[in-house]
Amino acid sequence: MENKFIDNAGVIAPPPLIFAVLLIAGLLLHWALPVRIMPHSWAARLIIGILLLIIPGIMGVLSFQIMRQSKTAINPRKQTTTIITKGPFSFTRNPLYVSLLLFYGGIAILVNALWSILLLPVMLIIFDRGVVIREEEYLEQKFGNEYLQYKKRVRVREKITLQC
């Protein structure tokens with residue numbers, strides 16, 4: 005049997021879709037059965053929530069710009085042409101996913117929706133297994149030692165393990 009290399013990460017779904025589905029599910033649960041994160045601290049929620057929208061917004065925009073300048077695909081279902089190591093990519097291998105995670109948290113805190121926070125580990129596991137691991141395997145296969153060296157320098161992702 006021939007081992008044919010498919011030149012994309014083969015993620016299970018577009019990451020923004022995973023983010024949106026779980027966030028909407030959490031918000032719908034909150035609407036149907038409201039359980040609050042911080043019942044009496046609207047000012048703290050506002051400050052934390054806004055920071056968790058602004059910071060990932062800046063990181064996401066910067067990451068998009070760097071990827072476009074580097075002429076590599078933003079969509080993980082398309083071919084990656086280069087390993088980016090500058091800007092946010094110098095401290096996390098997945099700045100767009102970190103941005104989505106923080107943005108998700110910011111919305112959940114602003115809305116005061118505990119259900120959304122409770123769904124966050126589900127999102128992390130889906131991202132880890134269905135997106136990040138697949139991307140890393142693809143990049144290792146495509147770029148070999150260059151990517152392995154990058155992984156050693158930027159060690160922010162450890163496998164999520166479920167303790168049963």
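Residue numbers (the working numbering): 5 to 168. Backbone N, C-alpha and C define an ideal beta-carbon position, used for all residues, glycine too.
With distances taken Cα to Cα, identify the nearest neighbour of residue i among the options.
i	options	result
P60	L100, I70, I78	L100
K82	P92, M71, K90	M71
I54	D132, V115, F93	V115
I87	Y154, R49, V25, I121	Y154
R49	L105, P18, I113, L124	I113
S67	R97, P43, E141, I28	R97
K126	V25, N12, V15	The identity of residue 126 in the sequence shown is Val, whereas the question assumes Lys. Of the listed residues, the one whose Cα sits closest to V126 is V25.
For residue i, which residues in the same chain have their Cβ closer than 7 angstroms to its Cβ, ignoring the five residues on either side in sequence?
i	result
L57	F107, G110
What span of residues does the alpha helix (DSSP H) with residue i cover, start to end?
i	result
M71	46-73
S94	Counting along the chain, S94 falls outside any alpha helix (DSSP H), and DSSP gives it neither H nor E.
A29	19-36
According to DSSP, is residue i helix, strand or coil?
i	result
D11	coil
I88	coil
P125	helix
I113	helix
G148	coil
Between residue i and the rest of its own chain, which residues show a CB-CB distance below 6 angstroms, the 5 nearest in sequence each way excluded?
i	result
S103	P60, M63, G64
Can you name, in chain order, every residue of its own chain whose Cβ lies under 8 angstroms from the Cβ of residue i, other than the five neighbours on each side?
i	result
W35	none
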